[in-house]
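Peer 1: In the order they appear, the protein sequences are chains A and B. Just so you know, we're using our numbering here: the first sequence kicks off at 1 and counts up by one. Just so you know, we're using our numbering here: the second sequence kicks off at 390 and counts up by one. Where is the CB? At the ideal position from N, CA and C, for every residue including glycine. It should be emphasised that the depicted structure is a prediction, and the values quoted were computed from it without experimental measurement. I'd like to ask some things about the structure below.
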Amino acid sequence: MTQAALATTPPTGVPTTDKPSTSVPDTEKPFIQIKNVTKRFGDFIAVDNVSLDIYRSELFCLLGGSGCGKSTLLRMLAGFENPTQGQILIDGVDMAGIPPWERPVNMMFQSYALFPHLSVESNIAFGLKREGVKRDEIKQRVDDMLKLVQLSQFAKRKPDQLSGGQRQRVALARALIKRPKLLLLDEPLGALDKKLREETQFELVNIQDKLGVTFVVVTHDQEEAMTLASRIGVMSQGEIIQIGSPSEIYEYPVNRFVAQFIGSVNIFAGVVTEDEPDYTEIMSEEAGTLIHIDHGVSCAPEQEMWVAARPEKIMLSHEQPQQPYNWTKGVIKEVAYMGSSSIYKIELASGKMVRVERINRIRREEDGFTWETPVYLSWESGDCVVLSS
Amino acid sequence: MKSRANFLMIAASLGFAFLYLPIISLVIFSFNESKLVTVWGGFSTKWYTSLLENEALKDALVNSLIVASVSASLATVLGTIAALSLTRLGNFRGKTLLSGMVTSPMVMPDVIIGLSLLLLFVAMEGLIGWPAGRSLTTIIIAHTTFCMAYVTVVVQSRLSNMDESLQEAALDLGAKPFSLFFLITLPLIIPALVSGWLLAFTLSFDDLVIASFVAGPGNSTLPMIIFSKVRLGVSPDINALATIMISIVALGVLVAIWNISRSSKRKKV
Chain A
1 MTQAALATTP
11 PTGVPTTDKP
21 STSVPDTEKP
31 FIQIKNVTKR
41 FGDFIAVDNV
51 SLDIYRSELF
61 CLLGGSGCGK
71 STLLRMLAGF
81 ENPTQGQILI
91 DGVDMAGIPP
101 WERPVNMMFQ
111 SYALFPHLSV
121 ESNIAFGLKR
131 EGVKRDEIKQ
141 RVDDMLKLVQ
151 LSQFAKRKPD
161 QLSGGQRQRV
171 ALARALIKRP
181 KLLLLDEPLG
191 ALDKKLREET
201 QFELVNIQDK
211 LGVTFVVVTH
221 DQEEAMTLAS
231 RIGVMSQGEI
241 IQIGSPSEIY
251 EYPVNRFVAQ
261 FIGSVNIFAG
271 VVTEDEPDYT
281 EIMSEEAGTL
291 IHIDHGVSCA
301 PEQEMWVAAR
311 PEKIMLSHEQ
321 PQQPYNWTKG
331 VIKEVAYMGS
341 SSIYKIELAS
351 GKMVRVERIN
361 RIRREEDGFT
371 WETPVYLSWE
381 SGDCVVLSS
Chain B
390 MKSRANFLMI
400 AASLGFAFLY
410 LPIISLVIFS
420 FNESKLVTVW
430 GGFSTKWYTS
440 LLENEALKDA
450 LVNSLIVASV
460 SASLATVLGT
470 IAALSLTRLG
480 NFRGKTLLSG
490 MVTSPMVMPD
500 VIIGLSLLLL
510 FVAMEGLIGW
520 PAGRSLTTII
530 IAHTTFCMAY
540 VTVVVQSRLS
550 NMDESLQEAA
560 LDLGAKPFSL
570 FFLITLPLII
580 PALVSGWLLA
590 FTLSFDDLVI
600 ASFVAGPGNS
610 TLPMIIFSKV
620 RLGVSPDINA
630 LATIMISIVA
640 LGVLVAIWNI
650 SRSSKRKKV
């Protein structure tokens, strides 16, 4: 798929089944249009000809490693950087030359950037005061906002008297109080510990649902992206590689980079032996088996391809599977017991290490899958993805 | 381990004794009854009262206070502007050179600063007729010049420790660059400005060499009066005067240090 095609694909992964959502994104016309935007810093190209449409009330997530350009893209939406080339439209208005303080956009910073000399209340009221809103109304709106983020009893405190999670909520409240059309969040959960992150990410999705504001989140954490976003854009080296719902990105990555970046994956190199409209067969020396896929792939005969299989899609058994393909043999080399599941590292005859994740439905000692046990690995025809690059 | 700790304690005490014994003895002898500076003749505050009757000294004290407060205030304004441009303008051409040059008065000998300023004032008077002669104004200009370096360093360190996203957050929430400075930047660097002002005040109040070069007749500062009196022989009232000066300076420095440590502690939380 080309980038232009990606950009015009409407969101197919609207979270109607994944998440209980009351605000259904407006798929008619894009709310934010990023058109062929490039940003250069000297010789360095931070963002390389990116085109992207984001729809109203979406929770869109830009995901990528450090230095992939996701933060630069976010800062261009906020107005802190100007595109070297290209155009950004928010709600149909060209943002070129509009300074940050005049954009209908607010941002939640990674460091939260709470004003240390102001109380929680004054921090939240800051944006409204700049707008010249009447005192009574400011009071009312700040009170409502404090209620929304459950910080009413902390109104008079200074930021340094709050915990990390509370500061995060103040930052969110401060960014939301001006009722922006678009809220930008830079690594919103990055500074929180694991337990707090889980609570906070659900809270964030709830608030977004309640207010219907369009959220654009930047993160390097794929778990954060998966749980928060209705759509994810995966970025690498200044380009957008794939756009899709969390499940599309996870189940149908477009290339090896995306497959490896999101979750863990086993990739087997192989050569296409049969390529029919309704199935494909790939001979993989690495996997030591013929791999059968239940859909067609457009490719040249004998072309080298890669097959991606997620660890939880591979089954382990002591008996040889009865199917003619999609199974291989190996020896368990490592077992990591995680409680609810176990992760096995299995060495195949080719020397390839395969990662398998298995739910511990019965207690582990009783199933016989331990170190140095020979096992059979198998998978269904529909559970793998063929990648050409 | 214990003997090492003892050794360090002794070394520290000796060091402090070396620094403060002269000052302590000066303070003690300022309460001396005797007219002879080195002979103890009982406790008295008569030298302090005699100071009050000395008009020349009182004038010099007033001069010193005026010079110190005006030049400290000017230095604070100029130093803050310099610090802001050095930290906020990004990487412009000659930034390293400029930041080195701003702080050079800290390391330049006072004699050279005094002499060069005197030459400048004389040349300017010849060319544009201002400043007319040597006066308090010339002392104030001279002191502002070298105090500004100290203020710049203090404010600069505070600014570079400040989270840059605070400014972006303010802009994002609708503050224009002008109100950003007064609502966010200034309140956050106020402790540094106070410390810088106090530092500048004590430096100016202490200065003898530069002031001697650029002062006009009848505009003597306190250190100049003390120096000229001492040249005619040490009299006990000088001890009293020195004690008062030490108190003022020590107070300024203590408040400045307390101010810096308090604000940096707060930032850490």
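Go through its chain and collect everything with a Cβ distance to residue 60(A)'s Cβ below 6 Å, but skip five positions before and after it.
Peer 2: Closer than 6 Å at the Cβ level, and outside the excluded window around residue 60(A), lie 54, 216 and 231.
Peer 1: Under the assumption that residue 212(A) contacts residue 191(A) (Cβ atoms under 8 Å), give the Cβ distance between them as a whole number of angstroms.
Peer 2: Not quite, the Cβ-Cβ distance comes to about 26 Å (not below 8 Å), so this is no contact.
Peer 1: Based on the DSSP output, what are the partners of residue 283(A) in its beta bridges?
Peer 2: Its beta-bridge partners are 271(A) and 290(A).
Peer 1: Along the chain, where does the alpha helix (DSSP H) containing residue 362(A) start, and where does it finish?
Peer 2: Run containing residue 362(A): none; DSSP gives neither H nor E here.
Peer 1: Identify the contact partners of residue 66(A) in chain B, using a Cβ-Cβ distance below 8 Å as the criterion.
Peer 2: Near residue 66(A) there are no residues of chain B at all, since even the closest Cβ is about 17 Å away, more than 8 Å.
Peer 1: Pull the bridge partners of residue 455(B) from the DSSP assignment, please.
Peer 2: For residue 455(B), which the question treats as bridged, DSSP gives no partner whatsoever.
Peer 1: Closer than 8 Å by C-beta to residue 109(A): which residues in its own chain qualify, once you throw out the five before and the five after it? Chain order, please.
Peer 2: If we look at residue 109(A) and ignore the five residues flanking it on each side, its Cβ neighbours are 171 and 186.
Peer 1: What residue range is occupied by the uninterrupted beta strand (DSSP E) comprising residue 306(A)?
Peer 2: Element bounds for residue 306(A): 304 to 309.
Peer 1: Residues in the same chain with beta-carbon distance under 7 Å from residue 257(A), minus the five sequence neighbours each way, listed in chain order, please.
Peer 2: If we look at residue 257(A) and ignore the five residues flanking it on each side, its Cβ neighbours are 236 and 241.
Peer 1: On the DSSP letters alone, give me the boundaries of the alpha helix (DSSP H) that residue 252(A) sits inside.
Peer 2: Note, residue 252(A): premise wrong, no alpha helix (DSSP H); not H, not E.
Peer 1: Kindly identify the DSSP beta-bridge partner or partners of residue 217(A).
Peer 2: Answer by DSSP bridge pairing, in chain order: 61(A) and 185(A).
Peer 1: Determine the contact status of residue 354(A) and residue 330(A), defining contact as a CB-CB distance below 8 Å.
Peer 2: Yes, they are a contact pair.
Peer 1: From the DSSP output, in three-state form, read off residue 38(A) for me.
Peer 2: It is a strand residue.
Peer 1: Does residue 609(B) have its Cβ less than 8 Å from a Cβ in chain A?
Peer 2: No, residue 609(B) does not count as interfacial toward chain A.
Peer 1: Which residues mark the beginning and the end of the beta strand (DSSP E) in which residue 140(A) is found?
Peer 2: Residue 140(A) -> not in any beta strand (DSSP E); alpha helix (DSSP H) instead, spanning 135 to 148.
Peer 1: If we cut at 8 Å on Cβ distances, does residue 173(A) have a partner in chain B?
Peer 2: Not an interface residue.
Peer 1: Classify residue 436(B) as helix, strand or coil using the three-state DSSP reduction.
Peer 2: Residue state, collapsed to three classes: helix.
Peer 1: Are the stretch 587 to 602 of chain B and the stretch 533 to 551 of chain B in contact at 8 Å, needing three or more beta carbon pairs?
Peer 2: Yes, they touch.
Peer 1: Restricting to runs no shorter than 3 residues, where is the beta strand (DSSP E) found entirely within the stretch 62 to 134 of chain A?
Peer 2: Qualifying beta strand (DSSP E) stretches, in chain order: 85 to 90 and 105 to 108.
Peer 1: Report buried or exposed for residue 336(A), applying the criterion of at least 16 other Cβ atoms within 10 angstroms of its Cβ.
Peer 2: So residue 336(A) ends up on the exposed side.
Peer 1: Out of 308(A), 388(A), 99(A) and 343(A), state which residue places its alpha-carbon closest to the alpha-carbon of residue 379(A).
Peer 2: For the residues 308(A), 388(A), 99(A) and 343(A), the minimum Cα distance to residue 379(A) belongs to 308(A).
Peer 1: With 7 Å as the limit, tell me which residues of the stretch 96 to 108 of chain A have their beta carbon closer than that to any beta carbon of chain B; keep them in chain order.
Peer 2: For the stretch 96 to 108 of chain A, which is checked against every Cβ of chain B, the residues closer than 7 Å are 100, 101, 106 and 107.
Peer 1: Quick check on this structure: which residue in 630(B), 410(B) and 543(B) has the alpha carbon closest to the alpha carbon of residue 466(B)?
Peer 2: Out of 630(B), 410(B) and 543(B), 543(B) has the C-alpha closest to the C-alpha of residue 466(B).
Peer 1: Tell me, to the nearest whole angstrom, how far the beta carbon of residue 113(A) is from that of residue 558(B); I am working on the premise that it is less than 8 Å.
Peer 2: About 4 Å; that satisfies the 8 Å criterion.
Peer 1: Does residue 244(A) get closer than 8 Å to chain B when you measure Cβ to Cβ?
Peer 2: No, its Cβ sits nowhere closer than 8 Å to a Cβ of chain B.
Peer 1: Is it right to say residue 202(A) is buried, meaning 16 or more other beta carbons lie within 10 angstroms of its own, or is it exposed?
Peer 2: Counting Cβ neighbours within 10 Å, residue 202(A) comes out exposed, since fewer than 16 surround it.
Peer 1: Between the C-alpha atoms of residue 473(B) and residue 456(B), what's the straight-line distance to the nearest angstrom?
Peer 2: Computed Cα separation, rounded: 25 Å.
Peer 1: If you follow the alpha helix (DSSP H) that residue 492(B) is in, where does it begin and where does it stop?
Peer 2: Unbroken run through residue 492(B): none, as it is neither H nor E.
Peer 1: Report all residues from its chain with a CB closer than 7 Å to the CB of residue 299(A); omit the five preceding and five following residues, and keep chain order.
Peer 2: Hits under 7 Å: 272, 275, 305 and 388.
Peer 1: With a threshold of 16 other CB atoms inside 10 Å of the CB of residue 370(A), please say whether the residue is buried or exposed.
Peer 2: The residue is exposed, with fewer than 16 neighbouring Cβ atoms inside 10 Å.
Peer 1: Need the endpoints of the alpha helix (DSSP H) that residue 513(B) sits in, please.
Peer 2: From DSSP, the alpha helix (DSSP H) with residue 513(B) extends over 499 to 517.
Peer 1: The beta strand (DSSP E) spanning residue 613(B) covers which residue range?
Peer 2: That residue, residue 613(B), is in no beta strand (DSSP E); its alpha helix (DSSP H) goes 611 to 620.
Peer 1: Quick one: grab the DSSP three-state call for residue 576(B).
Peer 2: It is helical.
Peer 1: Flag residue 562(B) as yes if its beta-carbon sits less than 8 Å from any beta-carbon of chain A, otherwise no.
Peer 2: Yes, because at least one Cβ of chain A sits closer than 8 Å to the Cβ of residue 562(B).
Peer 1: Which residues in the same chain as residue 434(B) place their Cβ atom closer than 7 Å to its Cβ, once the five residues preceding and following it in sequence are excluded?
Peer 2: Excluding positions up to five away in sequence, the list reads 420.
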